[in-house]
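The UniProt record's numbering puts the first residue of the sequence shown at 1, with every later residue one more than the last.
A virtual CB, placed ideally from N, CA and C, is assigned to each residue, including glycine.
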Amino acid sequence: RDLSPAPLPVSAISAALPLPSRRDEPPAHPSPAGAVGAPPPPPAPPPAPPPPPSAPARRRLLRRASRPRPPPPGAASLVEQLNRRVLVCLRDGRLLLGTLAAYDQYANVALDAPVERVIVDSSYADVPAGSAVVVRGENVMLVGELDAESDARSTARFTRVSAADIRRARSARQADDGAFRRRERLEWPVPEDYV
């Protein structure tokens, strides 16, 4: 005799487990996770689309999209320095300070109200250089913005003197440098073999 229970018909199984009437309703008796033959959970409904922007928000978005993007930080662009006080260091070592009026792709710069900062030893003076100056890009070594705080910090260890005093000091220094070079040429050591 066979003692195993008789198999139940499918209709009896479906009547014993109530099926959900809608897809988003959880089953009355959820099957344990990972059970063999368990139906996969229904997919989550997609999120609702965002409401369309209002008319003022749409105008703001269009204005923002039509504006040119600012260059990334550290990019070689002088657009932020326009109409600001800048320091221009030239290839020959001269320093020009003025308001940046214009520039082009070749680093030609135009300065309004420029002054030449002359530094000799521990003194300096700002010598006016006319009403406007155009500097060719091939002579520009460095251009940087100069605000009042950084200008005061950079000149704190120097003594400010008049333009006439700094011109005299510069010509005296150039004369000393010239004499030193001439003396070097005269006192150049001659090897003992040639004496």
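Since residue i is in the beta strand (DSSP E), which residue starts that stretch and which ends it?
i: Arg117; result: 109-120
i: Ala44; result: No beta strand (DSSP E) contains Ala44, which DSSP labels as neither H nor E.
i: Ser123; result: 123-128
i: Gly144; result: 140-145
In the DSSP assignment, what are the bridge partners of residue i?
i: Val161; result: None; Val161 has no bridge partner.
i: Tyr103; result: Val109
i: Gly98; result: Val86
i: Val133; result: Leu111
Which residues bound the alpha helix (DSSP H) around residue i?
i: Arg153; result: 148-154
Going by C-alpha to C-alpha distance, which of the options sits closest to residue i?
i: Gln81; options: Ala125, Ala113, Tyr103; result: Tyr103
i: Leu90; options: Arg168, Val134, Val79; result: Val134
i: Ser162; options: Leu95, Leu100, Ala125; result: Ala125
i: Asp147; options: Leu78, Arg85, Pro45, Arg136; result: Arg85
i: Thr99; options: Leu87, Tyr106, Gln105; result: Leu87
i: Leu96; options: Ala113, Arg160, Arg117, Asn108; result: Arg117
i: Gly93; options: Val120, Ala101, Ala156; result: Val120
i: Val115; options: Val109, Ser123, Ala129; result: Ala129
i: Ala132; options: Arg181, Asp112, Ser122; result: Asp112
i: Ser154; options: Pro45, Val79, Ser122, Ala44; result: Ser122
i: Ile166; options: Ala107, Val127, Arg60; result: Val127
Please find out if some non-hydrogen atom of the ligand PLP comes closer than 6 Å to the beta-carbon of residue i.
i: Arg168; result: Absent from the structure shown: the ligand PLP. Ligands present: none.
Can you confirm whether the segment 131-150 touches the segment 166-183 when touching is taken to mean that 3 or more C-beta pairs between the two stretches lie within less than 8 Å? no
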